[in-house]
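Enquirer:
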Amino acid sequence: MIYLCATPIGNLEDITLRVLRILKEVDLVAAEDTRQAKKLLTHYDIRVPVISLHQHNEAQRTEEILAWAAEGKDVAVVSDAGMPGISDPGGRLTRAAAAAGADITVLPGANAALTGLVLSGLPCETFYFGGFLPRRSSERKKALEAVRSLQASLVYYEAPHRLLKTLTDMTAVLGDRQAAVARELTKWYEETLRGPLTGLLDHFGQTPPRGELVIVVEGADLSEEPMAANTDIRRAVLDEMDAGASKKEAIKNVARRSGLSKNEVYQRVLDLPTQL
Ligand code: SAM
0 MIYLCATPIG
10 NLEDITLRVL
20 RILKEVDLVA
30 AEDTRQAKKL
40 LTHYDIRVPV
50 ISLHQHNEAQ
60 RTEEILAWAA
70 EGKDVAVVSD
80 AGMPGISDPG
90 GRLTRAAAAA
100 GADITVLPGA
110 NAALTGLVLS
120 GLPCETFYFG
130 GFLPRRSSER
140 KKALEAVRSL
150 QASLVYYEAP
160 HRLLKTLTDM
170 TAVLGDRQAA
180 VARELTKWYE
190 ETLRGPLTGL
200 LDHFGQTPPR
210 GELVIVVEGA
220 DLSEEPMAAN
230 TDIRRAVLDE
240 MDAGASKKEA
250 IKNVARRSGL
260 SKNEVYQRVL
270 DLPTQL
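Quick look at the structure:
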């Protein structure tokens with residue numbers, strides 16, 4: 000049997016009784032980082048052989064683990080933190096096990112995305128989990144454009160040194176929506192900041208973010224009224240640019256909201272610079 004086991008995302012108490020029992024009973028633990036896993040196992044006084052299973056050897060290990068499982072061995076799989084398979088190794092093994100008809104199950108537990116979403120205060124009924132956004136701004140904006148009209152809270156993982164750039168691109172593409180940044184969840188310095196994207200940008204511009212973090216942004220506004228016919232189009236473009244959008248993005252957003260073509264909007268703001 001193969002057990003995908005959730006481990007803590009910071010607080011060592013966030014491990015289930017079932018995961019602890021299975022870790023004690025299995026023949027082998029396959030871990031994303033063997034040193035990290037040994038720390039966890041030592042903390043709970045569990046002695047079991049540990050091997051590595053990371054993104055560079057997942058293909059080969061998958062074959063080995065399936066072979067061991069077929070011999071009747073029990074293998075537990077853990078990632079560095081949280082749920083295996085969620086922005087972590089585990090997905091490939093699950094697919095291969097399913098295809099081979101091998102016994103595989105998940106022992107649920109801590110997960111940063113869900114913890115951050117619930118703590119964000121934004122709607123949890125419907126959400127979209129985007130994992131890590133691309134590192135290059137142009138690709139990141141494309142990924143955000145693809146979800147701009149989703150009526151679902153948007154949840155992302157991000158590294159602290161990329162937070163400001165990501166919040167800037169989110170403001171430009173999604174507009175100044177309500178959002179939250181949840182840092183160091185379950186740890187001593189846990190902190191959640193909530194507010195409009197521009198407010199979060201201001202805050203983290205002054206206080207550089209540290210530690211692990213989750214970003215949650217509200218979904219597209221169901222009630223976003225189409226712009227009234229007498230809306231000052233030029234003013235609307237300026238407002239978007241004030242909120243951080245480039246002229247091109249602002250024109251695109253205002254065209255969508257007003258029902259005018261991009262060219263019609265463009266003609267009214269010919270004299271504006273490309274960025275405020
Ligand atoms: N498998 C993990 C899970 O289930 O949450 C996620 C692994 S992913 C490689 C690591 C990312 O998750 C971090 O860069 C951060 O964005 C987020 N994360 C992990 N632990 C966190 C924590 N304690 N607080 C906030 N975010 C966390």
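Just so we're aligned: 166 in numbering that gives the first Met the number 0 is position 167 of the sequence shown, and the numbers increase by one with no gaps anywhere.
From the three backbone atoms N, C-alpha and C, an ideal C-beta is built for every residue, glycine too.
Please read all numbers here as calculations on a predicted model, not as lab measurements.
For the ligand SAM, is there a heavy atom less than 8 Å away from the beta-carbon of V213?
Expert: Counted from its first residue, the sequence shown places residue 213 at position 214. V213 Cβ: within cutoff of the ligand SAM.
Enquirer: So, under 8 Å CB-CB, L3 and V76 are touching, yes? Tell me the CB distance rounded to an integer number of Å.
Expert: Residue numbering aside, residue 3 sits at position 4 when the sequence shown is read from its first letter. Residue numbering aside, residue 76 sits at position 77 when the sequence shown is read from its first letter. 5 Å between Cβ atoms; contact.
Enquirer: Which ranges does the alpha helix (DSSP H) cover as unbroken runs of at least 4 residues, wholly within the stretch 109 to 142, from first to last along the chain?
Expert: Counting only runs of 4 or more, we get 111 to 119.
Enquirer: Check for me: the beta strand (DSSP E) holding Q177 runs from which residue to which?
Expert: Within the sequence shown, the letter at position 178 stands for residue 177. Here the beta strand (DSSP E) through Q177 covers 177 to 182.
Enquirer: Taking 8 Å as the cut-off, is the CB of A111 close to at least one heavy atom of the ligand SAM?
Expert: Taking the sequence shown and counting its residues from 1, one reaches residue 111 at position 112. Checking every heavy atom of the ligand SAM against the Cβ of A111, one is found closer than 8 Å.
Enquirer: Answer yes or no: the CB of F131 versus the heavy atoms of the ligand FAD, is any distance below 8 Å?
Expert: In terms of ligand content, the structure shown lacks the ligand FAD and carries the ligand SAM instead.
Enquirer: Cβ of D79 within 8 Å of any heavy atom in the ligand SAM?
Expert: Position 80 of the sequence shown, counting from 1, holds the residue named residue 79. Yes, the beta carbon of D79 sits closer than 8 Å to at least one heavy atom of the ligand SAM.
Enquirer: Let me know the secondary structure DSSP gives Y188 once reduced to three states.
Expert: Mapped onto the sequence shown, residue 188 falls at position 189. Three-state DSSP puts Y188 in coil, outside helix and strand.
Enquirer: Between the Cα of D87 and those of E31, T185, S260, V105, spot the shortest distance and give me the residue it belongs to.
Expert: Position 88 of the sequence shown, counted from the first residue, corresponds to residue 87. Among E31, T185, S260, V105, the Cα nearest to that of D87 belongs to E31.
Enquirer: Count the other CB atoms, across all protein chains shown, that sit within 10 Å of the CB of T6; report buried if there are 16 or more and exposed otherwise.
Expert: Within the sequence shown, numbered from 1, the residue matching residue 6 stands at position 7. With 16 or more Cβ atoms within 10 Å of its Cβ, T6 is classed as buried.
Enquirer: Applying the 10 Å Cβ sphere with the 16-neighbour rule, what's the burial state of L162?
Expert: Position 163 of the sequence shown, counted from the first residue, corresponds to residue 162. Classification for L162: buried.
Enquirer: Going residue by residue through the stretch 212 to 260, where are the continuous alpha helix (DSSP H) segments of at least 4 residues, counting only ones entirely within it?
Expert: List check, alpha helix (DSSP H) in window: 232 to 241, 246 to 257.
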